[in-house]
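S.K.: Let me give you the structure first, and then I'll get to my questions.
Numbering (the numbering used here), first residue to last: 5 to 170.
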């Protein structure tokens with residue numbers, strides 16, 4: 005399964021805002037656009053949708069920007085993907101109205117792919133935006149300070165101070 009560009013950019017905006025939660029000034033669309041090489045106008049539409057869904061608080065004008073409306077640890081990835089993706093039909097036979105496959109009555113492919121889709125979504129349901137921007141406990145044990153240092157330089161996320169990641 006491949007995520008749409010819309011979902012990809014939505015997740016990037018949420019991750020960027022999560023990485024900046026502790027800073028004083030809000031994140032700007034221009035800042036995210038520059039960090040990821042994404043069109044400002046495209047990001048504006050995404051931010052509007054996230055605000056309408058109650059995930060981002062936006063402020064217009066000088067000193068304005070966007071912030072997460074709730075902690076990153078409460079924003080579930082599975083819910084975000086379901087909100088932004090419109091088609092989970094991996095093959096034609098997933099949709100009874102459009103199905104033209106002659107093998108449907110004795111083919112096991114639909115059941116296998118349906119199980120795979122459920123497993124895929126179950127993994128996303130087990131994660132939050134916070135899980136994507138903070139080091140895991142197991143990784144912290146293995147890498148310690150070196151891991152925190154490497155987290156500061158993740159391309160596309162703002163450079164943060166180590167104390168905001170610990």
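From the three backbone atoms N, C-alpha and C, an ideal C-beta is built for every residue, glycine too.
Could you please give me the residues that DSSP links to residue 69 through a beta bridge?
M.R.: For residue 69, DSSP records a beta bridge to 63.
S.K.: Keeping to the same chain, check which residues put their C-beta closer than 7 angstroms to that of residue 33; ignore five residues upstream and five downstream.
M.R.: 44, 47, 48 and 51
S.K.: Quick one: what does DSSP say residue 3 is sitting in, helix, strand or coil?
M.R.: Beyond the ends of the chain as shown, which are 5 and 170, falls residue 3; an answer cannot be given.
S.K.: Is residue 24 buried or exposed, if buried means 16 or more other CB atoms sit within 10 Å of its CB?
M.R.: Burial call: buried.
S.K.: Any contact of the region 68-84 with the region 113-132, i.e. 3+ C-beta pairs under 8 angstroms?
M.R.: Look at the beta carbons and you see the region 68-84 touching the region 113-132: at least three pairs across the two are nearer than 8 angstroms.
S.K.: In the DSSP assignment, what are the bridge partners of residue 80?
M.R.: 132
S.K.: With distance defined between alpha-carbon atoms, name the residue in 72, 85, 117 and 106 nearest to residue 27.
M.R.: 72
S.K.: If you draw a straight line from the alpha carbon of residue 120 to that of residue 112, how long is it in whole angstroms?
M.R.: Residue 120 and residue 112: Cα-Cα distance of roughly 13 angstroms.
S.K.: Sort 114, 17, 125 and 35 by Cα distance to residue 67 and report the nearest one.
M.R.: 35
S.K.: Taking Cβ positions, are residue 136 and residue 85 nearer each other than 8 angstroms?
M.R.: no
S.K.: Note down, in chain order, each residue of its chain lying with its Cβ closer than 7 angstroms to the Cβ of residue 58, except the 5 sequence neighbours on either side.
M.R.: Answer for residue 58: 73, listed in chain order.
S.K.: May I ask you to list the residues that DSSP assigns as paired with residue 36?
M.R.: Looking at the DSSP assignment, residue 36 forms no beta bridge with any residue, so it has no partner.
S.K.: What first and last residue would you give for the alpha helix (DSSP H) that runs through residue 91?
M.R.: Neither: residue 91 is in no alpha helix (DSSP H) and is coded neither H nor E.
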